[in-house]
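Presented below is the structure to which this report refers.
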Amino acid sequence: MKLITYNFLTSKCIRGVKVGYPLKLNVVEKKVEQQNFNPEFVQRMLPRLEWSAIKSAADIVGCAEIPENMNVETSLHDTDFLQKLHHLLLEIEIVNGSLICPETGRVFPITNGIPNMLLNEDEV
Amino acid sequence: MSSTKNNMSKIQKKVKSKQLMIGAENKEIEFSNEPQNILAILNYGLLNGIKTEILIDRVNEITSLLDLILPNKSYCFLKFQSCDEAAKVLTELNGIKLWTDGYPVLMSFCKSIPKYQDYLNEEPSGLIILLDFVTDEIEKKLIALLKWDECKMKNRQVQHFGYEFIYGQNTVDYRKPLERKLPPECDELWTIFDTKCPKFKGFRPDQLTVNKYERGSGIPAHCDTHSVFEDPIISLSLSASIVMEFKDPVNGKHCSILLPKKSLLIMSSESRYGWLHGITPKNSDIVKTKHNLMTVQQRELRYSFTFRKLRIPPSCDCKFPLLCDIQSKIVNEQNSNNDHEVDQKLAAKLELENVHNVYNEIGNHFSETRHSAWPNVENFIMSLIEGSILLDAGCGNGKYLNINDKITKLGFDRSSTLLQVCNERNFQVFQSDCLQIPIINDSIDACISIAVIHHLATHDRRVQAIREMLRVLRKKGQALIYVWAKDQQKDNKKTRYLLQHQSKDIEKVNKLPEMAILNIDEEKIELPIHKNRTQFKSSNMLVPWKLKQKEIPEEQHKIFLRYYHVFEDGELENLCKECGNVEIVRSYYDQGNHCVILKKL
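Just so you know, the sequences run in chain order A and B. The first sequence: position 74 = 74 (our numbering), numbered continuously. The second sequence: position 245 = 369 (our numbering), numbered continuously.
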């Protein structure tokens with residue numbers, strides 16, 4: 001699972017959970033695979049990012065250089081920043097770990113790069 | 125003088141444009157600038173309130189009219205003995221207001237009148253109308269009985285006596301009589317009835333529904349529930365006339381019947397049991413004048429007194445099973461024995477056993493057979509604008525996740541086997557069910573669901589799957605849905621699915637029994653087994669998959685049964701409409717699949 005996917009995931013489908021976002025990220029194993037940097041692609045992603053989620057995930061995966069706040073307008077032409085974001089969103093892969101519902105603590109395991117978001121019948 | 129000239133040229137312009145419009149609609153109508161013995165009135169006809177009585181009077185003041193031809197259009201034709209007579213009428217009346225609340229009539233010469241089919245007014249048998257059934261005095265007395273401070277429906281007011289007539293189901297509950305019985309004022313009606321209608325002499329109803337129809341209102345076409353009422357049903361029209369429409373749902377026959385003020389309608393046998401009746405909501409009706417010509421009659425406030433007699437206990441042995449509650453129940457029960465929806469509680473378990481577990485087992489083999497993208501799905505994905513976020517809800521082996529490099533693609537599936545294939549191909553996927561998509565609201569630009577929803581075992585679950593896609597889509601975001609069609613032979617053309625039928629595997633698979641009994645959660649579910657590469661015989665069934673296993677002899681290859689619900693024409697659109705907040709951008713049939721493109725509103 002890359003952080004671009006993480007950006008959209010929620011546990012709100014659990015019965016009783018109101019927001020379920022952002023999920024707490026717990027990393028056991030990660031890998032880095034280099035991808036071609038396409039600044040436009042990252043630019044287009046900017047407005048779709050939930051910054052608080054991305055920032056806390058960045059801290060957890062060890063990308064300390066991601067700022068606390070992000071302004072879409074000014075960030076659009078900051079190539080250095082876009083490159084860092086490219087690395088964070090598209091090059092880091094969480095291989096093993098888990099996602100945790102912020103409201104109930106329900107754990108969704110990530111195995112072999114695939115988060116298991118399936119819920120049991122009694123949870124929905 | 126110049127103002128008249130001006131006026132004339134304005135009228136000429138309007139005539140020209142009407143001629144063009146009518147000519148485009150019916151090429152048989154040929155207009156002419158030279159005098160002819162036929163005149164067309166270009167802007168008035170039965171459809172838009174022509175007042176034939178006034179028209180005839182005005183024309184007859186000038187010369188004698190031979191014929192008036194009124195098709196069911198917003199124009200009509202006048203026929204005269206000679207061209208001169210027609211010319212006279214045109215000179216005098218073209219551009220003149222004939223009735224005060226109307227527009228100036230527009231006229232033109234016309235070379236010939238196309239043949240209009242006579243209205244196919246075939247009446248159902250058993251329909252009787254007794255004119256002037258009641259006197260003015262009784263009419264007044266009956267209307268005065270009513271107090272209208274109670275129940276109001278959407279378009280009309282209703283009062284019940286004896287038993288409540290339940291609209292929507294068109295029935296009564298004989299176990300719940302009302303305290304309010306039929307008013308004694310009705311008693312004198314039965315003396316009249318016995319005299320005027322000897323056929324049903326002695327008919328004494330115990331249920332009365334009074335409807336107050338405001339001008340313009342109507343009642344949807346319906347048939348009173350067969351089993352709960354005796355034959356006939358009778359209805360008195362008071363205060364105004366109305367045209368009632370009768371429809372035969374078997375042969376598509378249709379007829380319009382005028383119910384004059386103070387008349388009694390008697391519906392029995394075929395008209396009662398085999399036809400639907402209703403009143404179209406509109407402000408006027410087309411009726412015949414005393415000259416036997418069609419004209420438009422404005423509607424007015426009308427009361428109907430419908431009398432019925434309960435049949436206790438309910439029963440029916442009519443010859444019209446289509447509309448018969450007793451007989452269709454038997455038919456439905458027979459059908460539902462082999463094609464019914466499974467119990468809501470068992471649906472999830474059935475899907476787990478006969479969809480999810482099967483895909484996990486056959487996943488690798490299945491994936492080998494699923495490599496090429498369907499062109500119309502590929503086109504949809506390629507048409508998304510750069511930077512879009514696409515979600516593949518039920519991505520399988522990810523064959524749609526490598527199309528279009530300029531967008532972000534996410535996918536999910538239930539099957540971990542298939543997700544593993546995706547992961548090896550470096551696609552971004554997660555494991556999830558399509559009934560609960562773990563994605564935040566309003567965040568996705570486009571969503572596809574290809575061959576997924578037909579694996580869900582109940583109607584409610586199929587609706588829920590579409591609702592979930594709409595939830596995660598942003599406003600104006602689009603979804604493309606493909607489901608397997610029950611009909612694999614559209615427009616007499618067999619689909620590829622039917623054509624690829626020559627294989628030993630299929631022969632073997634098709635030797636399976638007709639029905640399978642599944643043990644789901646200690647309950648038995650009986651489902652038909654589909655014969656592969658043939659037309660579907662039922663909507664809910666099991667489709668066999670023969671697993672290729674290289675290491676063991678062919679005879680021992682395992683056969684898996686996957687659950688499918690195949691879709692009827694229009695069923696997918698209806699599911700989508702049920703979700704609300706959605707526009708169906710396009711719906712089409714593509715190689716044995718029903719497909720829709722939706723837009724979230």
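Yeah, the Cβ is synthetic: ideal placement off N, Cα and C, and Gly gets one too.
Taking all protein chains in view, the Cβ of B/H401 is crowded by 16 or more other Cβ atoms within 10 Å, so the residue is classified as buried.
With a 10 Å radius around the Cβ and a threshold of 16 neighbouring Cβ atoms, B/R620 comes out exposed. Look at B/P301 here: in three-state DSSP terms it is strand.
Note on B/V466: 16 or more other CB atoms within 10 angstroms of its CB, so buried under the neighbour-count rule. The beta carbon of B/G520 sits closer than 7 Å to those of R494, D537, L542, all from its chain and outside the five residues before and after it, given in chain order.
For a Cβ distance threshold of 8 Å, nothing in chain B lies close to A/G97: the least Cβ distance comes to about 13 Å. Residues of chain A whose Cβ lies closer than 8 Å to the Cβ of B/Q555 are, in chain order, I114, P115, N116, M117, L118. By the C-beta density criterion, A/R44 is buried, having at least 16 other C-beta atoms within 10 angstroms.
Here B/D557 is buried. Its C-beta has 16 or more other C-beta atoms within 10 Å. In this structure B/Y712 is exposed. Its beta-carbon is surrounded by fewer than 16 other beta-carbon atoms within 10 angstroms. In this structure, B/Q468 is the residue among B/Y688, B/Q468, B/E679, B/K137 with its C-alpha nearest to the C-alpha of B/D584. Straight-line measurement puts the Cα of B/G522 at about 22 Å from the Cα of A/V32. In terms of beta-carbon proximity, B/R538 lines the interface with chain A, with at least one pair separated by less than 9 Å. Fewer than three pairs of CB atoms, one per stretch, sit closer than 8 Å, so the region 391 to 401 of chain B makes no contact with the region 297 to 317 of chain B. Where B/G487 is concerned, there is no enclosing beta strand (DSSP E), although the alpha helix (DSSP H) around it starts and stops at 481 to 492. Scanning B/F554, B/K530, B/I531 for the CA closest to the CA of B/S539 turns up B/F554.
For secondary structure counted as the alpha helix (DSSP H) over 4 or more consecutive residues, the region 368 to 434 of chain B holds these complete runs in sequence order: 393 to 397. Shown here for B/K648: same chain residues with a beta carbon closer than 6 Å to its own, the five before and five after excluded, namely I641 in chain order. When secondary structure is reduced to three states using DSSP, B/P668 falls in the strand class. For B/E247, the closest C-alpha among the options B/Q560, B/I358, B/E592, B/H378 is that of B/H378. For A/K12, the nearest CB of chain B lies under 9 Å from its own CB, placing it at the interface with that chain. Residues of chain B with a Cβ closer than 7 Å to the Cβ of A/T5 are, in chain order, L534, Q552, F554. Contact between the region 387 to 398 of chain B and the region 331 to 338 of chain B is absent, with fewer than three C-beta pairs closer than 8 Å. Residue nearest to B/K443 within the set B/E675, B/S395, B/N218 is B/S395 (criterion: CA-CA distance). Take the alpha-carbon of B/T176 and the one of B/L580: they are about 59 Å apart. With a threshold of 9 Å between beta carbons, B/I513 makes contact with chain A. The C-beta of B/L559 comes closer than 9 Å to at least one C-beta of chain A. Put simply, the CB of B/S507 is far from chain A, with every gap to its CB atoms at 9 Å or more. In this structure, B/V607 and B/H654 do not form a Cβ contact; the two beta carbons are roughly 15 Å apart against a cut-off of 8 Å. Per DSSP, the unbroken alpha helix (DSSP H) holding B/S540 starts and ends at 540 to 548. DSSP places B/T619 in the coil class of the three-state scheme, outside both helix and strand. Take A/L85, set aside five residues on each side of it, and the residues of its chain with a beta-carbon closer than 7 Å to its own are V42, in chain order.
Of all residues in the region 471 to 501 of chain B, the ones placed with a Cβ closer than 7 Å to any Cβ belonging to chain A are A472, in chain order. Unbroken alpha helix (DSSP H) runs of no fewer than 4 residues, entirely contained in the region 76 to 113 of chain A, are found at 79 to 86, following chain order. The C-beta distance from A/M117 to B/P445 rounds to 50 Å, too long to meet the 8 Å contact threshold. Its Cα nearest to that of B/P238, the residue B/I193 stands out among B/I193, B/I267, B/A211, B/F317.
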